[in-house]
Amino acid sequence: MKESKFMWLFVFFDLPTKTKKERRKYTQFRNHLLKDGFIMMQFSVYTRICKGDDSIETHKKRVKEHIPPKGNVRMISITDLQYAKMETLIGIKTVEEKLEKKQLLLF
31 MKESKFMWLF
41 VFFDLPTKTK
51 KERRKYTQFR
61 NHLLKDGFIM
71 MQFSVYTRIC
81 KGDDSIETHK
91 KRVKEHIPPK
101 GNVRMISITD
111 LQYAKMETLI
121 GIKTVEEKLE
131 KKQLLLF
């Protein structure tokens with residue numbers, strides 16, 4: 031039996047917000063990410079922890095189902111080890127980032 035490893039899924043997006051309709055679509059997309067367990071790492075950069083490739087694929091599919099018709103949305107998944115090597119060059123980790131790591135230890 032293959033052991034599932036923890037991975038991080040990142041969603042990066044740049045969506046138009048000039049019109050009321052565009053702002054509504056932006057808000058709906060952002061709210062979907064939050065409801066699906068993503069946390070805001072930076073403006074327009076959201077991340078969530080997943081256990082294994084199946085979980086990554088499930089959440090990728092959910093993101094794709096809620097993409098607004100305009101703008102740019104990108105995703106990448108990285109291992110927990112790669113995530114741990116990330117450097118914060120200026121600023122501090124958000125409260126959500128700190129909580130996410132503590133929650134991972136509970137698994």
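Heads up, the sequence shown is in the working numbering, so the first residue is 31 and it goes up one at a time. The C-beta atom is built at its ideal place from N, Cα and C for all residues, glycine as well.
Item, Value
"Where Lys81 falls: helix, strand or coil (DSSP)", "strand"
"Outcome for Lys55 when other beta-carbon atoms lying within 10 angstroms are tallied against a minimum of 16", "buried"
"Lys35 versus Thr77 - alpha carbon distance", "16 Å"
"Outcome for Leu63 when other beta-carbon atoms lying within 10 angstroms are tallied against a minimum of 16", "buried"
"Coil, strand or helix - Ile109 by DSSP", "A small fix is needed here, since residue 109 is Thr in this sequence, not Ile. Note: Thr109 maps to strand in three-state DSSP."
"Local Cβ density within 10 Å of Val93, reported as buried at 16 or more and exposed below that", "buried"
"Ile86 vs Ser107 beta-carbon contact at 7 Å", "yes"
"Simplified DSSP state of Ile86, which is helix, strand or coil", "helix"
"Sequence-distant residues of the same chain with beta carbon closer than 6 Å to Phe137, five excluded per side", "Only weak support is given to the placement of Phe137: the predicted model assigns it a pLDDT of 48, under 50, and the value that follows is read from those uncertain coordinates. The answer is none, since no qualifying residue turns up."
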